[in-house]
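Student: Numbering of the sequence shown is given in this note's numbering, commencing with residue 22 and proceeding in unit increments. Cβ atoms here follow ideal geometry from the backbone N, Cα and C, with glycine treated the same way.
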Amino acid sequence: MAEPFLKLTDLTKRFGDRTVVDHASLEAGEGEIVALQGPSGCGKTTLLRLISGLETPAEGEVWIAGERVTASGRNLVPARRRGIGFVFQDLALWPHLTVSENLAFVLASLRTPKRERTERIAEMLRLARIEAHAHDYPSKLSGGEQQRAALARALVGRPRLLLLDEPLSSIDADLKAELLDELARVQRNLAVTTIYVTHDRAEAKALAHRVVLMHNGRIETGTNVDEKTHEPVVESYTS
22 MAEPFLKLTD LTKRFGDRTV VDHASLEAGE GEIVALQGPS GCGKTTLLRL
72 ISGLETPAEG EVWIAGERVT ASGRNLVPAR RRGIGFVFQD LALWPHLTVS
122 ENLAFVLASL RTPKRERTER IAEMLRLARI EAHAHDYPSK LSGGEQQRAA
172 LARALVGRPR LLLLDEPLSS IDADLKAELL DELARVQRNL AVTTIYVTHD
222 RAEAKALAHR VVLMHNGRIE TGTNVDEKTH EPVVESYTS
């Protein structure tokens, strides 16, 4: 059996006396989309930040592609060297940069050779279908266009792991369905392992291969919640 591409073991994060992530363990295979589902405040965003290296756990380990990047309450590999693309809930596009400049900043920080940057940016703008707005600032974009731009920025560095933190939470239902299709298409093309945080069961079913339930900082691997009984049930989806 192949080793998991992403492996979390007993991750724990506390803020003061409050335990936000409580001995969370999770595995994801290469190219797999795992939806992390649960109510607001259950620790989903903090878990993503622990995976990415933006937070340091009190306990536990994070392994990416066979490399231990977090252990013994410290980050062994800094966030910038983990090969992760992150789309935040508020998208966090840099407002003073155009769409192309947002992508170029990522490539510059990764020290991508200048001769490659233009081609990489153009490729990702086409893939995310945002090339018509390459020279626009984020404030000029619609919600859906901003989401596409944020996805292009997260992917332009060719990450090995993609973390999506409810990027569609503020978008209306019709546009959300369209963007979910777009996201699935991009993920199929790139086959990047993806952790998709959502509280929306329909989103999870539309995109993920597997759903993981998080509640009060704990993870129930491979389960969802029955809407009538509120009991955990195993669910597996194919895209």
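Return helix, strand or coil for Gln-168, following the three-state DSSP convention.
Tutor: In this structure, Gln-168 counts as helix in the three-state DSSP scheme.
Student: Can you list the alpha helix (DSSP H) stretches of 4 or more residues lying completely in the segment 69–150, in chain order?
Tutor: List check, alpha helix (DSSP H) in window: 120–130 and 135–148.
Student: What are the boundary residues of the alpha helix (DSSP H) that Lys-197 is part of?
Tutor: Where Lys-197 is concerned, the enclosing alpha helix (DSSP H) stretches over 194–211.
Student: Would you mind sorting Asp-186 into buried or exposed? The rule is 16 or more other CB atoms within 10 Å of its CB.
Tutor: By the 10 Å Cβ count, Asp-186 comes out buried.
Student: Determine the direct distance from the alpha carbon of Met-235 to that of Gly-87, and round the result to whole angstroms.
Tutor: Approximately 24 Å between the Cα atoms of the pair.
Student: Less than 8 Å between the beta carbons of Pro-180 and Gly-74, yes or no?
Tutor: Not in contact: Pro-180 and Gly-74 (Cβ atoms no closer than 8 Å).
Student: If you compare alpha carbons, which of Val-41, His-154 and Phe-109 is closest to Thr-77?
Tutor: Comparing Cα-Cα distances from Thr-77 to each of Val-41, His-154 and Phe-109, the minimum goes to Val-41.
Student: Is the beta carbon of Leu-71 closer than 8 Å to that of Val-90?
Tutor: Cβ distance not < 8 Å, so Val-90 and Leu-71 don't count as in contact.
Student: Taking just the CA atoms, how far does Gly-165 sit from Leu-196?
Tutor: Distance between the alpha carbons of Leu-196 and Gly-165: 7 Å.
Student: Would you call the CB atoms of Leu-32 and Val-233 closer than 8 Å?
Tutor: No, Cβ-Cβ distance for Leu-32 and Val-233 is not below 8 Å.
Student: Determine whether the beta carbon atoms of Pro-25 and Gly-52 lie at a separation below 8 Å.
Tutor: No, the Cβ-Cβ distance between Pro-25 and Gly-52 is not below 8 Å.
Student: What separation, rounded to the nearest whole angstrom, lies between the Cα atoms of His-156 and Leu-189?
Tutor: So the two alpha carbons sit approximately 23 Å from each other.
Student: Would you call the segment 93–100 and the segment 114–129 touching, i.e. three or more CB-CB distances under 8 Å?
Tutor: Not touching, per the Cβ criterion.
Student: Cutting at 6 Å between CB atoms, please list the residues of its own chain near His-44, excluding the five before and the five after it.
Tutor: Counting only Cβ-Cβ distances below 6 Å, and skipping sequence neighbours, we find Asp-31 and Thr-33.
Student: What does the alpha-carbon distance come out to for the pair Ala-205 and Gly-37?
Tutor: Distance between the alpha carbons of Ala-205 and Gly-37: 38 Å.
Student: According to DSSP, is Phe-36 part of a helix, a strand, or is it coil?
Tutor: Strand.
Student: When the Cα atoms are used, what is the spatial distance from Thr-67 to His-230?
Tutor: Their Cα atoms are separated by approximately 22 Å.
Student: To which residues of the same chain is Phe-150 closer than 8 Å at the C-beta, ignoring the five residues directly before and after it?
Tutor: Here residue 150 is Arg; the residue named in the question, Phe, does not match the sequence. Cβ within range, chain order: Arg-169 and Glu-203.
Student: According to DSSP, is Ser-160 helix, strand or coil?
Tutor: In this structure, Ser-160 counts as helix in the three-state DSSP scheme.
Student: So the candidates are Gln-110, Ser-61, Leu-69 and Ile-240; which of them puts its Cα closest to the Cα of Leu-182?
Tutor: It is Leu-69.
Student: Could you give the DSSP three-state label for Ala-49: helix, strand or coil?
Tutor: DSSP places Ala-49 in strand when its eight states are reduced to three.
Student: Just to confirm the assignment, what range does the beta strand (DSSP E) spanning Arg-222 have?
Tutor: Segment 222–228 is the alpha helix (DSSP H) holding Arg-222; no beta strand (DSSP E) there.
Student: If we ignore side chains and look at the alpha-carbon of each, how far apart do Thr-219 and Gln-208 end up?
Tutor: Cα to Cα, Thr-219 sits roughly 17 Å from Gln-208.
Student: Hey, would you say Leu-128 sits closer than 8 Å to Val-177, going by beta carbons?
Tutor: Contact: yes.
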